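The numbering of the sequence shown is the numbering used here, which starts it at 1059 and goes up by one.
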Amino acid sequence: MAYSIITISREFGTGARQIGKNLADILGFHYYDRAIIQMAAEKSGLSPEFIERNEEKTNNSFLFNLSTSAYITSGINLQYTMPVNDKAFIAQSEVIREIAKTGNSVIVGRCADYVLHEHPKLLRVFLYGDKDDRLKRIVNEYGYDPAKADANLNKIDKGRANYHKFYTGTPWKDISNYDICLSTSKTGIEGAVKALKLLADTYFN
């Protein structure tokens, strides 16, 4: 039996973590976000700190080629040929595939939409929002310095875009990567949860 999996990709400051947690609670799903870092660290022997630093940047010294990309879904052991940055990505990919085999889950980030793209019961979500709204959230809720918020938001979004493109070969904001794109500026946190709950009930049943 295939479990139902919801992946959430997001612009920074859209409230994706809270949306994901609330959605998982309502649906009775498991929720995974930063816990994947620790799980990947235990699997790979890399430190959680290294994986977190590497997570949303690219390694320009290595071409993540087709054979390595195929490993993500095939499980063929090619890690001995990889630099440590790519081992971190592979370790997270392995964890994500294992999660998909253990129970219904909501997974935030980590290119899970790509890693699980062949999973038979997969709902891929992308959250975006107006920049002003996202800036307010990262200052008021995430505690960012207002003077540096704009630069930090741009840096993190750029890192996510580059990371996704590097490891998946597809643009981060390409709507064909997702089943639904929601503006949290329009829905708010709870509105997004309600919309995704309704969609999940329809999609998986």
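C-beta: ideal position from N, C-alpha, C; glycine also.
Note that the structure is predicted; figures quoted are calculated from it, not measured.
Shown here for residue 1222: same chain residues with a beta carbon closer than 8 Å to its own, the five before and five after excluded, namely 1067, 1169, 1172, 1228, 1229, 1230 in chain order. In the three-state scheme derived from DSSP, where H, G and I count as helix and E and B as strand, residue 1061 is classed as coil.
Collapsing the DSSP output to three states places residue 1105 in coil.
About 7 Å separates the CB atoms of residue 1167 and residue 1091; that is less than 8 Å, so the two are in contact.
Cβ neighbours of residue 1241 within its own chain (closer than 7 Å, five residues either side excluded): 1186, 1187. For residue 1250, the number of other beta carbons within 10 angstroms of its own is at least 16, and it is reported as buried. Take the alpha-carbon of residue 1207 and the one of residue 1072: they are about 14 Å apart. A distance of 9 Å or more separates the beta carbons of residue 1149 and residue 1105.
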